[in-house]
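*Asks:* I'd like to ask some things about the structure below.
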Amino acid sequence: MGLRTPLHESHVRDGAQIVDFGGWDMPLHYGSQIEEHHAARRDAAMFDVSHMGIIELTGDSVRAFLRYLLANDVGKLRSPGKAIYSCMLLPTGGVLDDLIVYFMTDSWFRMVVNAGTRDKDLAWIQKQATRFAVAAVERKDLAIIAIQGPNARAKTVSALAGNHRDGMLAVERFSAAAFDQWFVARTGYSGEDGFEIIAPAGSAIAAWNALRAQGVMPAGLGARDTLRLEAGLNLYGNDMDERHHPLESGLAWTVAFEPADREFIGREALERARAAGGNQLVGLVLEDRGVLRSHQRVITACGTGEVTSGTFSPTLHRSIALARIPKTAERLVRVEIRGTPHAASIVTPPFAGNGKALIQLSPPEGP
Numbered sequence: 130m131g132l133r134t135p136l137h138e139s140h141v142r143d144g145a146q147i148v149d150f151g152g153w154d155m156p157l158h159y160g161s162q163i164e165e166h167h168a169a170r171r172d173a174a175m176f177d178v179s180h181m182g183i184i185e186l187t188g189d190s191v192r193a194f195l196r197y198l199l200a201n202d203v204g205k206l207r208s209p210g211k212a213i214y215s216c217m218l219l220p221t222g223g224v225l226d227d228l229i230v231y232f233m234t235d236s237w238f239r240m241v242v243n244a245g246t247r248d249k250d251l252a253w254i255q256k257q258a259t260r261f262a263v264a265a266v267e268r269k270d271l272a273i274i275a276i277q278g279p280n281a282r283a284k285t286v287s288a289l290a291g292n293h294r295d296g297m298l299a300v301e302r303f304s305a306a307a308f309d310q311w312f313v314a315r316t317g318y319s320g321e322d323g324f325e326i327i328a329p330a331g332s333a334i335a336a337w338n339a340l341r342a343q344g345v346m347p348a349g350l351g352a353r354d355t356l357r358l359e360a361g362l363n364l365y366g367n368d369m370d371e372r373h374h375p376l377e378s379g380l381a382w383t384v385a386f387e388p389a390d391r392e393f394i395g396r397e398a399l400e401r402a403r404a405a406g407g408n409q410l411v412g413l414v415l416e417d418r419g420v421l422r423s424h425q426r427v428i429t430a431c432g433t434g435e436v437t438s439g440t441f442s443p444t445l446h447r448s449i450a451l452a453r454i455p456k457t458a459e460r461l462v463r464v465e466i467r468g469t470p471h472a473a474s475i476v477t478p479p480f481a482g483n484g485k486a487l488i489q490l491s492p493p494e495g496p
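Take 130 as the starting number for the sequence shown in my numbering and just add one per residue.
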């Protein structure tokens, strides 16, 4: 038996297929992964993401500490509730984790990290925080529910807002605000609008049930993965990890090289990598029939690469992927599927959003 979130009994009651995910018992789907995917693209779906780690960072020097710890610059965060997405790097430039950090006050930031890395993240953060006199404490007493889709905000407000309706609707993208015991962030991992709500663990089941009563469909890890890949969003352990730096993982936009005098962990390694060039992370659409999967070999005119994440897109009805390949100007490449090369086109993600394709598609080849 693995670790369980406060919503575990709700998942079992609803007939979820439970699987191990980084040591946690999590719902893969509740019946139809495709229906759950479409609910998030076309209406509203909710995900239990309470397995993710919530770390409170406090101290007079917490901003200076985070400017050193993270590749992106929290110095840009000036309004309470504003958030930033960043990688946390090793001195080699490899990615320890990708995360979101929220500026709450000058002495308090809140960080949300990945489930599979939460223990090593906390140990690393606490080690680095010592010379800044910053405290890093994990909040195991909280749950997180992500509600995603074009109708997600409206349904969430109807279900949970009470007297805070106007305030919740006013939360800006990539920002958060507190309403009584609720921490409501307008963030997500689907490419759709919506909320991620952090709440006391004891109130999670009541919130889940209230959202269900508003027609929000429960969704599992399967739909979460197809949604994030359609949105062109990286998955830690697949598209970036300790062996790969952000510049070869499609995450150069998350590295703040300016101001030039800001010291952060991994900066020297990234400066060298930026000067040297190297591989790139691209989107692929399979032109033949088949399914793209992680670790398949990609053949280009400039050398070989590898699919880092691949799936069949429910929105596009085509196989899509992210792949790390040598930098090349060509548009067509070949992907080896079970030893046979298949044609694929390089595209710029996101692949889909708001229930529709965001890239130009040609008819698939083959019978």
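Note that beta-carbon positions come from the ideal geometry of N, C-alpha and C, so glycine has one too. Small disclaimer: the values here were computed from a predicted structure and weren't measured.
Is the region 179–189 touching the region 359–367, taking contact as three or more C-beta pairs under 8 Å?
*Replies:* The region 179–189, when compared against the region 359–367, does not touch it at the 8 Å Cβ threshold.
*Asks:* Could you check where the beta strand (DSSP E) with Q146 kicks off and where it finishes?
*Replies:* Here residue 146 refers to the residue found at position 17 of the sequence shown. Per DSSP, Q146 belongs to the beta strand (DSSP E) from 146–150.
*Asks:* Does DSSP put N367 in a helix, in a strand, or in coil?
*Replies:* Numbered from its first residue, the sequence shown carries residue 367 at position 238. Residue state, collapsed to three classes: coil.
*Asks:* Assign G344 to one of two classes, buried (16 or more other C-beta atoms within 10 Å of its C-beta) or exposed (fewer than that).
*Replies:* Here residue 344 refers to the residue found at position 215 when the sequence shown is read from its first residue. Label assigned to G344: exposed.
*Asks:* Is the Cβ-Cβ distance between L199 and F386 less than 8 Å?
*Replies:* By one-based count along the sequence shown, residue 199 stands at place 70. By one-based count along the sequence shown, residue 386 stands at place 257. Not in contact: L199 and F386 (Cβ atoms no closer than 8 Å).
*Asks:* If you drop the 5 nearest sequence neighbours on each side, which residues of the same chain put their C-beta closer than 7 Å to that of P496?
*Replies:* By one-based count along the sequence shown, residue 496 stands at place 367. Its pLDDT being 48, under 50, P496 is placed unreliably in this model, and the value from its coordinates should be taken loosely. For P496, where only same-chain residues beyond five positions count, there are no Cβ hits under 7 Å.
*Asks:* Between which residues of its own chain and F194 is the CB-CB distance below 8 Å, once the five residues before and five after are set aside?
*Replies:* Within the sequence shown, numbered from 1, the residue matching residue 194 stands at position 65. Here the set comprises L186, G188, Q257, A258, F261, V263.
*Asks:* Looking at G320: is its Cβ nearer than 8 Å to the Cβ of A360?
*Replies:* Within the sequence shown, residue 320 is the residue found at index 191, counting from 1. Within the sequence shown, residue 360 is the residue found at index 231, counting from 1. Taking 8 Å as the Cβ cut-off, G320 and A360 qualify as a contacting pair.
*Asks:* Contact check, D177 vs I274 under 8 Å by CB: the rounded distance?
*Replies:* Against the sequence shown, residue 177 aligns to sequence position 48. Against the sequence shown, residue 274 aligns to sequence position 145. At roughly 6 Å, the Cβ-Cβ gap stays under 8 Å, so D177 and I274 are in contact.
*Asks:* Cβ atoms of L136 and A314: under 8 Å apart, would you say?
*Replies:* Counting from one through the sequence shown, the residue named residue 314 turns up at place 185. Counting from one through the sequence shown, the residue named residue 136 turns up at place 7. No; because the gap between Cβ atoms is not below 8 Å, this pair is not in contact.
*Asks:* Got a sec, what are the start and stop residues for the alpha helix (DSSP H) N338 sits in?
*Replies:* Counting from one through the sequence shown, the residue named residue 338 turns up at place 209. First-last of the alpha helix (DSSP H) with N338: 333–342.
*Asks:* DSSP on E185, reduced to helix/strand/coil?
*Replies:* Taking the first residue of the sequence shown as position 1, residue 185 is located at position 56. Of the three classes helix, strand and coil, the one that applies to E185 here is strand, per DSSP.
*Asks:* Report yes or no: do the region 243–255 and the region 403–423 share at least 3 C-beta pairs separated by less than 8 Å?
*Replies:* Not touching, per the Cβ criterion.
*Asks:* Taking the runs of the alpha helix (DSSP H) that are 4 residues or longer, which of them lie wholly in the region 294–326?
*Replies:* Complete alpha helix (DSSP H) runs here, min 4: 294–298.
*Asks:* Taking L451 and S438 to be in contact with their CB atoms under 8 Å, please state how far apart those CB atoms are, rounded to whole angstroms.
*Replies:* Translated into the one-based positions of the sequence shown, residue 451 becomes position 322. Translated into the one-based positions of the sequence shown, residue 438 becomes position 309. 5 Å between Cβ atoms; contact.
*Asks:* Sort R447, M217, V462 by Cα distance to G432 and report the nearest one.
*Replies:* Stepping through the sequence shown from its first residue, residue 432 is reached at position 303. Comparing Cα-Cα distances from G432 to each of R447, M217, V462, the minimum goes to V462.
*Asks:* Is P496 helix, strand or coil when you go by DSSP?
*Replies:* Here residue 496 corresponds to residue number 367 of the sequence shown, with the count starting at 1. Low confidence applies here, because P496 scores a pLDDT of 48, under 50, leaving its location unreliable; read the following figure in that light. Correct three-state label for P496: coil.
*Asks:* If you follow the beta strand (DSSP E) that V476 is part of, which residue opens it and which one closes it?
*Replies:* By 1-based counting over the sequence shown, the position of residue 476 is 347. Element bounds for V476: 469–476.
*Asks:* Which term fits G482, buried or exposed, when burial requires 16 or more other beta carbons within 10 angstroms of its beta carbon?
*Replies:* As a position in the sequence shown, residue 482 is number 353, starting the count at 1. Buried.
*Asks:* Which runs of the beta strand (DSSP E) spanning at least 3 residues fall entirely within the region 254–301, listed in chain order?
*Replies:* Segments of the beta strand (DSSP E) lying fully in the region 254–301: 264–267, 271–277.
*Asks:* I need the boundaries of the beta strand (DSSP E) containing G439, first residue and last residue.
*Replies:* Here residue 439 corresponds to residue number 310 of the sequence shown, with the count starting at 1. Element bounds for G439: 432–442.
*Asks:* Tell me whether P281 is buried or exposed, calling it buried when 16 or more other Cβ atoms sit within 10 Å of its Cβ.
*Replies:* For the purposes of this step, residue 281 is taken as the residue at position 152 of the sequence shown. Residue identity differs from the one stated: residue 281 is Ala in this sequence, not Pro. With 16 or more Cβ atoms within 10 Å of its Cβ, A281 is classed as buried.
*Asks:* Relative to the C-alpha of H521, which residue among A430, E435, I327, D417 is closest?
*Replies:* Since the first residue of the chain shown is 130 and the last is 496, residue 521 is not available in this structure.
*Asks:* Exposed or buried, which one is H233 when buried takes at least 16 other CB atoms within 10 Å?
*Replies:* Here the question's residue 233 lines up with position 104 in the sequence shown. Per the sequence shown, residue 233 should be read as Met rather than His. Looking at its Cβ environment, which holds 16 or more other Cβ atoms inside 10 Å, M233 is buried.
*Asks:* Determine the DSSP secondary structure at D354, reduced to helix, strand or coil.
*Replies:* By 1-based counting over the sequence shown, the position of residue 354 is 225. It is helical.
*Asks:* Looking only at DSSP bridge pairs, what is M217 linked to?
*Replies:* As a working note, residue 217 is residue 88 in the sequence shown. Answer is L199, D226.
*Asks:* I need the DSSP call for H158, collapsed to helix, strand or coil.
*Replies:* Counting from 1 along the sequence shown, the entry for residue 158 is found at position 29. In this structure, H158 counts as strand in the three-state DSSP scheme.
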